[in-house]
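Below is one structure; the comments refer to it alone.
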Amino acid sequence: MKTLVRNGTVYSRGQAASGDVLIEDGVIVAIGDCHGLTGGARVIEAAGCHVLPGLIDLHVHIDDTIGRFRLADTWESGSRAAAAAGITTLGGFITQRPEEKLTAAVERAAGRAAGYSFCDYLWHLTPTRFAVDDWADILRLQESGWRTFKFYTTYCESGLFSSYNRLTEIAERLTPGGARLLVHAEDEGVLTLAQARSPMPVRASDHGRQRPPEAELRAVERVAEVAAKTGAWFHIVHVSTPEAAEAIGRARGRALLTCETAPHYLFLDDTWLQREDGHRWLCTPPLRDAARVRRLRETAGGGAFDTYASDHCAFSIEDKDRGREDMLSAPMGLAGIGALPKLIFALEKGRPERAFAEMSLRLAENPARLAGIEGRKGALAPGLDADLAVFEIADEEEPIVSASAGSPETYPGFSSRLRLRHLFLRGRQLITDGVWSGAEAAAGRCLWTN
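Residues in the sequence shown are numbered from 0 upward in steps of one, following numbering that gives the first Met the number 0.
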């Protein structure tokens, strides 16, 4: 069946124009004035609405165990919350456990998503072993189409730490195959020194002293050196400080370096950690002081971030509240998948057209390019997957809901006029007039294997 999304303002690749989008057999077949091509088409009226590519959140933690805590979301609940926000593609993580082969880790994680996700999805691989046979598995997966990998310059105690020498080796071996290397950038040496100089943390408000801004800045500078030396594409995730964002900007002329931040670093500051329930806002890197949050938003307004992502990492209220008396007992992470589009829209308050153009660029086109899926996703153009998010600006504000799986609300008191009217995934309508209309059987596909 053909479907015509008619008379909307169509945003793609940072540009806007009034027109139509015609979709058929799961792909976009025409953009612009499509009235002469619509014989037998079902018509979706989009007058007064804003038509964007289906949004992409490349940084979500779903249906996994982190430390001793199980995440609150399954792929079913997490992807449904994402779709309700206008997101059609998710980037999850597969982390190799100490005792398992990387291929076994892939099978373990992939089995939880297949047949349960309402969004298309891809995986970022985190190998933690680098013996000869481990490298053989890594390279085989890369050759079969797995493009993105994630590494950490911290978390020695968890077995995730990669030294800068290790990152150099990884970059030299994976770059010829077109890998993109995501990095959680906090310098382990700076963290160790800060923790040695600070009292044992008890309250949530102690978290920032344990993981100071200098740790992020030092790691970003060192990763930039590795990027310049190797020619590898490095992407710094969840940048939390303006100093780190500015350092990335300075390094771009000599290194292939991109970056993202998450809404909680743009809209929340460390006063949330001083609340009686401040343990519910514990995450890593920590929330920063108000002055840094203001500077980071100014930096974002200047185009510092290639992409935005939720870093969705939702835990149950029961598990988060284990940190009530001792922050070391709490899991680190915040829900955010449902809040991402509305908060990025809010960055351009009073300028809706610019806000939608920025969303189409930094929540669709740029994430698709980073993941290497720009030939299928991230824009509204003939031949691409028919992933469409149709938004309207309502008269009344509604509360922002960051997740739907019983986790604490990350943004209490926040509201938005942005509404999702319609959502299509490969031509299949999931949201109709703001109401879930997708079949109960999830049809999301793994983009590395389909």
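For each residue, glycine too, the CB sits at the ideal point set by N, CA and C.
Closest Cα partner of Gly91 within the set Trp280, Trp232, Ala109, Glu99: As a working mapping, residue 91 is identified with position 92 in the sequence shown. Per the Cα distances, Ala109.
Buried or exposed by the 16-neighbour rule on C-beta atoms within 10 Å, applied to Pro97: Translated into positions along the sequence shown, residue 97 becomes position 98. Looking at its Cβ environment, which holds fewer than 16 other Cβ atoms inside 10 Å, Pro97 is exposed.
Beta-ladder partner(s) of Glu44, from DSSP: Counting from 1 along the sequence shown, the entry for residue 44 is found at position 45. Its beta-bridge partners are Arg5.
Through-space distance from Asp205 to Glu23, alpha-carbon basis: Position 24 of the sequence shown holds residue 23. Position 206 of the sequence shown holds residue 205. One C-alpha to the other measures close to 55 Å.
Secondary structure of Asp119, DSSP reduced to three states: Against the sequence shown, residue 119 aligns to sequence position 120. It is a strand residue.
Straight-line Cα distance separating Ala402 from Phe314: Indexing the sequence shown from 1 puts residue 314 at position 315. Indexing the sequence shown from 1 puts residue 402 at position 403. Each residue's Cα considered, the two are about 10 Å apart.
Straight-line Cα distance separating Ser78 from Leu327: What you label residue 327 is simply residue 328 of the sequence shown in a count that begins at 1. What you label residue 78 is simply residue 79 of the sequence shown in a count that begins at 1. So the alpha carbons of these two residues sit roughly 30 Å apart.
Thr8 vs His34 beta-carbon contact at 9 Å: Position 9 of the sequence shown, counting from 1, holds the residue named residue 8. Position 35 of the sequence shown, counting from 1, holds the residue named residue 34. Against a cut-off of 9 Å, the Cβ pair of His34 and Thr8 comes out as no contact.
Reference Ser161; option with closest CA among Arg128, Arg361, Ala45, Ala214: The sequence position of residue 161 within the sequence shown is 162, counting from 1. The shortest C-alpha separation from Ser161 is found at Arg128.
Coil, strand or helix - Lys376 by DSSP: Against the sequence shown, residue 376 aligns to sequence position 377. Residue state, collapsed to three classes: coil.
Ser436, buried or exposed, once every other Cβ within 10 Å from all chains shown has been counted against 16: Counted from its first residue, the sequence shown places residue 436 at position 437. When all chains shown are included, Ser436 counts as exposed.
DSSP three-state assignment for Cys445, whether helix, strand or coil: Here residue 445 is taken as the residue at index 446 of the sequence shown, counted from 1. Here Cys445 sits in strand by DSSP.
Exposure of Pro126, with buried meaning 16 or more beta-carbon neighbours within 10 Å: What you label residue 126 is simply residue 127 of the sequence shown in a count that begins at 1. Its Cβ being crowded by 16 or more others within 10 Å, Pro126 is buried.
Three-state secondary structure (DSSP) of Phe423: Your numbering for residue 423 matches position 424 in the sequence shown. Correct three-state label for Phe423: strand.
Arg179 - containing beta strand (DSSP E), residue span: Along the sequence shown, read from residue 1 onward, the residue named residue 179 stands at position 180. Element bounds for Arg179: 179-183.
The segment 270-289 / the segment 246-256 touching (three or more Cβ pairs under 8 Å): no
For Ala82 and Asp386, the rounded distance between their alpha carbons: Taking the first residue of the sequence shown as 1, we reach residue 386 at position 387. Taking the first residue of the sequence shown as 1, we reach residue 82 at position 83. Their Cα atoms are separated by approximately 11 Å.
Neighbour-count burial assignment, Asn449, 16 or more Cβ in a 10 Å radius: If you number the sequence shown from 1, residue 449 lands on position 450. Exposed.
Leu387, enclosing beta strand (DSSP E) - first and last residue: For the purposes of this step, residue 387 is taken as residue 388 along the sequence shown, with counting starting at 1. Element bounds for Leu387: 387-398.
Residue range of the unbroken alpha helix (DSSP H) whose run includes Ser78: Translated into the one-based positions of the sequence shown, residue 78 becomes position 79. That run of the alpha helix (DSSP H) goes 74-84.
Val4 vs His421 beta-carbon contact at 9 Å: Translated into positions along the sequence shown, residue 4 becomes position 5. Translated into positions along the sequence shown, residue 421 becomes position 422. Yes, they are a contact pair.
Distance cut-off 8 Å: Pro407 Cβ against heavy atoms of the ligand ATP: Looking at this structure, you won't find the ligand ATP or any other ligand, since it has none at all.
Close-in-space but distant-in-sequence residues of the same chain around Val201 (CB under 7 Å, 5 per side omitted): Residue numbering aside, residue 201 sits at position 202 when the sequence shown is read from its first letter. Hits under 7 Å: Asp325, Met326.
Separation of Glu259 from Ala246, as counted between CA atoms: Against the sequence shown, residue 246 aligns to sequence position 247. Against the sequence shown, residue 259 aligns to sequence position 260. In a straight line, the C-alpha of Ala246 is about 13 Å away from that of Glu259.
Helix, strand or coil at Ser162 [DSSP, three-state]: Taking the first residue of the sequence shown as 1, we reach residue 162 at position 163. Correct three-state label for Ser162: coil.
Contact belief for Cys118 with Leu362 at Cβ below 8 Å, rounded distance in angstroms: Counted from its first residue, the sequence shown places residue 118 at position 119. Counted from its first residue, the sequence shown places residue 362 at position 363. With 8 Å as the limit, Cys118 and Leu362 do not qualify as a contact, their Cβ atoms being about 13 Å apart.
Residues that Phe148 bridges to, as DSSP identifies them: Taking the first residue of the sequence shown as 1, we reach residue 148 at position 149. Phe148 pairs with Leu124, Leu180.
Alpha carbon of Thr298 to alpha carbon of Arg221, nearest angstrom: For the purposes of this step, residue 298 is taken as residue 299 along the sequence shown, with counting starting at 1. For the purposes of this step, residue 221 is taken as residue 222 along the sequence shown, with counting starting at 1. Near 21 Å, if we compare the C-alpha coordinates of Arg221 and Thr298.
Beta strand (DSSP E) segment containing Ala15, residue limits: Your numbering for residue 15 matches position 16 in the sequence shown. Where Ala15 is concerned, the enclosing beta strand (DSSP E) stretches over 14-23.
CB contact flag (Leu383, Leu265, <9 Å): As a first step, residue 383 must be located in the sequence shown, where it is residue number 384. As a first step, residue 265 must be located in the sequence shown, where it is residue number 266. No, these two residues do not count as a Cβ contact at 9 Å.
Host beta strand (DSSP E) of Val50 (start-end): Here the question's residue 50 lines up with position 51 in the sequence shown. First-last of the beta strand (DSSP E) with Val50: 49-52.
Entirely enclosed beta strand (DSSP E) segments - the segment 237-298, minimum 3 residues: 256-260
Assigned exposure category for Leu138 - 16 Cβ within 10 Å defines buried: Here the question's residue 138 lines up with position 139 in the sequence shown. Leu138 should be labelled exposed.
Of the residues Tyr120, Ser76, Met199, Gln209, the one placed nearest Glu185, counting alpha carbons only: On the sequence shown, residue 185 is found 186 positions in, with the first residue counted as 1. Nearest C-alpha to Glu185: Gln209.
With 16 other Cβ atoms within 10 Å as the buried cut-off, status of Cys282: As a working note, residue 282 is residue 283 in the sequence shown. Counting Cβ neighbours within 10 Å, Cys282 comes out buried, since at least 16 surround it.
DSSP state of His311 mapped onto helix, strand, coil: Translated into the one-based positions of the sequence shown, residue 311 becomes position 312. His311: strand per DSSP, three-state reduction.
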